[in-house]
Amino acid sequence: MTEELSPADAYAAFRRRAAEEAMALHPFREMYEFDLDPFQIEACKALESGKGVLVAAPTGSGKTIVGEFAVHLALLQGKKCFYTTPIKALSNQKYADLAKRYGAAKVGLLTGDNSVNADAPVVVMTTEVLRNMLYAKSPALTGLGYVVMDEVHYLSDRFRGAVWEEVIIHLPESVTLVSLSATVSNAEEFGDWLDTVRGDTEVIVSEERPVPLWQHVMAGRRIHDLFEEESDHGGRGSARREVNPDLLRMAREENTRSYNPKDRRRGKMVREADRERERRSRNRIWTPGRPEVIERLDNEGLLPAITFIFSRAGCEAAVQQCLYAGLRLNDDAKRARVREIVEERTASIPTEDLHVLGYYEWLEGLERGIAAHHAGMLPTFKEVVEELFVRGLVKAVFATETLALGINMPARTVILEKLVKWNGEQHADITPGEYTQLTGRAGRRGIDVEGHAVVLWQRAMDPAALAGLAGTRTYPLRSSFKPSYNMAVNLVQMFGRHRSRELLETSFAQFQADRSVVGISKQVQRNEEGLEGYTEGMTCHLGNFEEYAQLRRDLKDRETDLAKQGASQRRAQAAGSLEKLKPGDIIHVPTGKFAGLALVLDPGVPAGRSNGHRGQEYTEGPRPLVLTAERQVKRLAAIDFPVPVEPIERMRIPKSFNARSPQSRRDLASQLRVKAGHIAPERSRRGRAEAADDREIARLRAALRAHPCHGCDEREDHARWAERYHRLKRDTQQLERRIEGRTNTIARTFDRIHALLTELDYLREDEVTAHGRRLARLYGELDLLASECLRAGIWEGLSPAELAACVSALVFEARQSDDAVAPKVPPGAATGALAEMVRIWGRLDALEEEHRINQAEGVGQREPDLGFAWAVYQWASDKSLDEVLREAGMPAGDFVRWCKQVIDVLGQVAAAAPANSGGGTSTVARNARKAVDALLRGVVAYSSVG
Numbered sequence: 004m005t006e007e008l009s010p011a012d013a014y015a016a017f018r019r020r021a022a023e024e025a026m027a028l029h030p031f032r033e034m035y036e037f038d039l040d041p042f043q044i045e046a047c048k049a050l051e052s053g054k055g056v057l058v059a060a061p062t063g064s065g066k067t068i069v070g071e072f073a074v075h076l077a078l079l080q081g082k083k084c085f086y087t088t089p090i091k092a093l094s095n096q097k098y099a100d101l102a103k104r105y106g107a108a109k110v111g112l113l114t115g116d117n118s119v120n121a122d123a124p125v126v127v128m129t130t131e132v133l134r135n136m137l138y139a140k141s142p143a144l145t146g147l148g149y150v151v152m153d154e155v156h157y158l159s160d161r162f163r164g165a166v167w168e169e170v171i172i173h174l175p176e177s178v179t180l181v182s183l184s185a186t187v188s189n190a191e192e193f194g195d196w197l198d199t200v201r202g203d204t205e206v207i208v209s210e211e212r213p214v215p216l217w218q219h220v221m222a223g224r225r226i227h228d229l230f231e232e233e234s235d236h237g238g239r240g241s242a243r244r245e246v247n248p249d250l251l252r253m254a255r256e257e258n259t260r261s262y263n264p265k266d267r268r269r270g271k272m273v274r275e276a277d278r279e280r281e282r283r284s285r286n287r288i289w290t291p292g293r294p295e296v297i298e299r300l301d302n303e304g305l306l307p308a309i310t311f312i313f314s315r316a317g318c319e320a321a322v323q324q325c326l327y328a329g330l331r332l333n334d335d336a337k338r339a340r341v342r343e344i345v346e347e348r349t350a351s352i353p354t355e356d357l358h359v360l361g362y363y364e365w366l367e368g369l370e371r372g373i374a375a376h377h378a379g380m381l382p383t384f385k386e387v388v389e390e391l392f393v394r395g396l397v398k399a400v401f402a403t404e405t406l407a408l409g410i411n412m413p414a415r416t417v418i419l420e421k422l423v424k425w426n427g428e429q430h431a432d433i434t435p436g437e438y439t440q441l442t443g444r445a446g447r448r449g450i451d452v453e454g455h456a457v458v459l460w461q462r463a464m465d466p467a468a469l470a471g472l473a474g475t476r477t478y479p480l481r482s483s484f485k486p487s488y489n490m491a492v493n494l495v496q497m498f499g500r501h502r503s504r505e506l507l508e509t510s511f512a513q514f515q516a517d518r519s520v521v522g523i524s525k526q527v528q529r530n531e532e533g534l535e536g537y538t539e540g541m542t543c544h545l546g547n548f549e550e551y552a553q554l555r556r557d558l559k560d561r562e563t564d565l566a567k568q569g570a571s572q573r574r575a576q577a578a579g580s581l582e583k584l585k586p587g588d589i590i591h592v593p594t595g596k597f598a599g600l601a602l603v604l605d606p607g608v609p610a611g612r613s614n615g616h617r618g619q620e621y622t623e624g625p626r627p628l629v630l631t632a633e634r635q636v637k638r639l640a641a642i643d644f645p646v647p648v649e650p651i652e653r654m655r656i657p658k659s660f661n662a663r664s665p666q667s668r669r670d671l672a673s674q675l676r677v678k679a680g681h682i683a684p685e686r687s688r689r690g691r692a693e694a695a696d697d698r699e700i701a702r703l704r705a706a707l708r709a710h711p712c713h714g715c716d717e718r719e720d721h722a723r724w725a726e727r728y729h730r731l732k733r734d735t736q737q738l739e740r741r742i743e744g745r746t747n748t749i750a751r752t753f754d755r756i757h758a759l760l761t762e763l764d765y766l767r768e769d770e771v772t773a774h775g776r777r778l779a780r781l782y783g784e785l786d787l788l789a790s791e792c793l794r795a796g797i798w799e800g801l802s803p804a805e806l807a808a809c810v811s812a813l814v815f816e817a818r819q820s821d822d823a824v825a826p827k828v829p830p831g832a833a834t835g836a837l838a839e840m841v842r843i844w845g846r847l848d849a850l851e852e853e854h855r856i857n858q859a860e861g862v863g864q865r866e867p868d869l870g871f872a873w874a875v876y877q878w879a880s881d882k883s884l885d886e887v888l889r890e891a892g893m894p895a896g897d898f899v900r901w902c903k904q905v906i907d908v909l910g911q912v913a914a915a916a917p918a919n920s921g922g923g924t925s926t927v928a929r930n931a932r933k934a935v936d937a938l939l940r941g942v943v944a945y946s947s948v949g
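Numbering-wise (my numbering), the sequence shown opens with residue 4 and increments by one.
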């Protein structure tokens, strides 16, 4: 029975309902078929009250609802809203969603190579597009009320992260910022920074998954729970979870079965028994094959599934393996529907290109409900896979980790084949953040009651380490912000040098550096208090003990230096004596495993030169090959000769001597013993110690004896306190250097960039020169190189195809460097232009080194890569797709992506190219536009939008 409210309570409840219904949030909530979660309501209310918001929530939790509410508010208030995403695929997807909800007339798209309804009140764009608009002071910014930054945790990306900070810093104060992030462990710190640079910002953190996630390990035919007690699988509780003891036992058993070299000495019957036991246990524990995994999950009702394989070739191979295994996940009706959708989406692709793109093999997999998804695929193909997966017509997708970056493609199950991936430099374990991002795709809101993450059993797997990955739900957000040349000229152009420096000091990178300094500063304060105590302990009534302690340290340091010099001289003398040895010299090896009488067979070679012995290179001085009196032939090293060695006798080495023949060695060793066995080794005479004659040591010893504190009865006690003081003082100075290194780091880098640009006449204090204004229009990693090429006029007179080849060197980066093979480049004028580009880069590289601009820190110009020049030249010369891809040896998706990046930079070059001396239009600008037209054909022109 419902309790009746008092008149006052009923009136208060009525007022609350009336207030809620008057809010913009009320009609917005009615647009959705499901109730909003508390964190979504909290964020939307903060947004409606005029605050900025940072929403940090797990993948798939629906944080984009808050971004859509910002769109709703903008339309309601007659303002504009820009919705930014990190990747074009996500922009295309968000554009389609918003256009469906609000109508195509109200929504636009800007992604570098796509422009649809750009003047609409709601525009979806990549973050770089908004950054460029801010620097160009685009009129499109007029009336902007809201900016949504989806996947804002991208600002930790070391290649592109700086763009997010540039946008946040430079957005007009009147713009309300909505930041949507994956769950990060330092959301409050990021929120504090947003509060500093953007004003009042509410931080809303939700660690609760909308669909609970179960963690599993698949070993052999069995799927094991990772945790014994899954009380916290949804992230709601804090109960401690124990690793499944079955998995721990399996790991222990596998470790005990590891190969032991001693097994070789055991009997044959024992080894046979071991092998039989190994075979039996292998029947229970093994890594299941890909078709086997999909089949098992299908039987368990755990499809659709995404299998993450950290290799494009691995994704394609997985699809082929499933096809060869005869796997079919679709019935006839679904097969027909798949074919219908695919033919409709690919109708614009010419038939001759379909063969080149592997269309028919791809279609066969789709009809069976199986597909790959990676960056090497044609964008159209990837979008079809995404659409079919969401419709339930593709049930098994093998994907690289790029799929986890925001694309709306949730599954019931996520499978991880391995917990190791190639990070561009080495194979490294995936981080807790990456694990969370990948497994976050499991569990479809409103469809699945629970999601499942399955890790395949691998040899040497540590279940406890996996549990640590699965149990760590968050990862810290670290700024990767660094000033660039383009950023520098744009900032100086807009704000002048001083104000630009101040703006850079407000970056999240500097904010984090300053915060880290706080802890170090406290340590310095504690150390200084400790130093005061130590000063008291070493106080001597006879005189200044700190001064006396310094004399002792100076004496010790001088003695150590002389000892090192003496050892170094002895090593040099020993190396010199080895260089004088000749074949046939008989020596005494002074130390080491082969000490004693020895005959020199080969004296070795000077440093760095090959001696022809198994192709070895000796970089540490001569390494003589000797025959010992015990009949061993060994190559000795410098370590065996701590003192110089002199021949004590000589003997002839027979031409018939064979070092590999035991008889030959025995005979020659016998002759060696007869020839020199009676000669006693000459004792190494130690020279007079350097310290004995050193004037500085004599002066310091005299000063010590003359010091008043030398006669103190408590001298050694004071000395112990002085030594502690010295160590703590040294540690404190190191901490102070760290503080100095972290303070104003961004501004110091900006100063170096400013100095280099001033030397090249791009800047003159607060003034941006004509060259600088050109650089301000060139965005990209090699912005300064592009500007210098335009300035030098090396692209003048090139044909459109040749210009495209040259520009490709500014954007292309080979996935794996192959320095052994010189890339093929176009003939004629393009060859000279590309060579000149490399020479200009060399000059810039030297200049950067002079100004201490370090590429390793993400600042500066990398060497241009000519690896795509021939392919783009061929395509711009109207060659067929088949011919271009065959010669390039490159997947279609990569080819299209690089072509679009070349098109983007060609557009910048066309806008930035200087006028000819005669006042007419530059041939570079004209040919850059022609090159864009030449490239924008066939597969490069296909687009799912517009």
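By construction, the Cβ of each residue, glycine as well, lies at the ideal position given by its N, Cα and C atoms. Keep in mind that this is a model prediction, so the values were computed, not measured.
What number of angstroms, rounded off, separates the C-alpha of residue i from the C-alpha of residue j?
i: F644; j: R638; result: 12 Å
i: G65; j: F498; result: 39 Å
i: R283; j: D334; result: Reliability of the predicted coordinates at R283 is poor, the pLDDT of 47 falling under 50, and the value obtained from them is presented with this limitation in mind. Whole-angstrom Cα-Cα distance: 38 Å.
i: L950; j: A807; result: Here the chain covers residues 4 to 949 and nothing more, so residue 950 does not appear.
i: L357; j: E71; result: 38 Å
i: A891; j: L381; result: 16 Å
i: G533; j: L731; result: 8 Å
i: H236; j: I433; result: Because H236 sits at a pLDDT of 47, beneath the cut-off of 50, its placement in the model cannot be relied upon, and the point is left open.
i: A578; j: L628; result: 15 Å
i: E762; j: V200; result: 32 Å
i: E389; j: A59; result: 25 Å
Does residue i come out as helix, strand or coil in the three-state DSSP assignment?
i: R293; result: helix
i: T403; result: coil
i: E154; result: coil
i: K265; result: Its pLDDT being 48, under 50, K265 is placed unreliably in this model, and the value from its coordinates should be taken loosely. Reduced to three states, the DSSP call for K265 is helix.
i: R348; result: helix
i: W217; result: strand
i: M128; result: strand
i: R394; result: coil
i: A139; result: coil
i: K933; result: helix
i: A817; result: coil
i: Y945; result: coil
Hey, out of the options, whose CA is closest to residue i's CA?
i: F193; options: A895, V150, T509; result: T509
i: V875; options: V810, D249, N189; result: V810
i: V646; options: M654, P606, V592, Q496; result: V592
i: A632; options: S659, D38, A679; result: A679
i: F311; options: Q323, A328, L584, R293; result: R293
i: G164; options: G395, I843, L480; result: L480
i: I651; options: A662, R702, G587, K658; result: G587
i: A222; options: E420, D560, N547, N493; result: E420
Could you please give the first and the last residue of the uninterrupted alpha helix (DSSP H) stretch that includes residue i?
i: T199; result: 190–201
i: D885; result: 884–891
i: H173; result: 165–173
i: H501; result: 488–507
i: K91; result: 91–105
i: G70; result: 67–80
Measure the beta-carbon distance from residue i to residue j and round it to whole angstroms, keeping in mind my assumption that it falls under 8 Å.
i: Y149; j: T129; result: Not a contact, Cβ separation roughly 17 Å.
i: E210; j: V527; result: Not a contact, Cβ separation roughly 36 Å.
What are the boundary residues of the beta strand (DSSP E) that residue i is part of?
i: C84; result: 83–88
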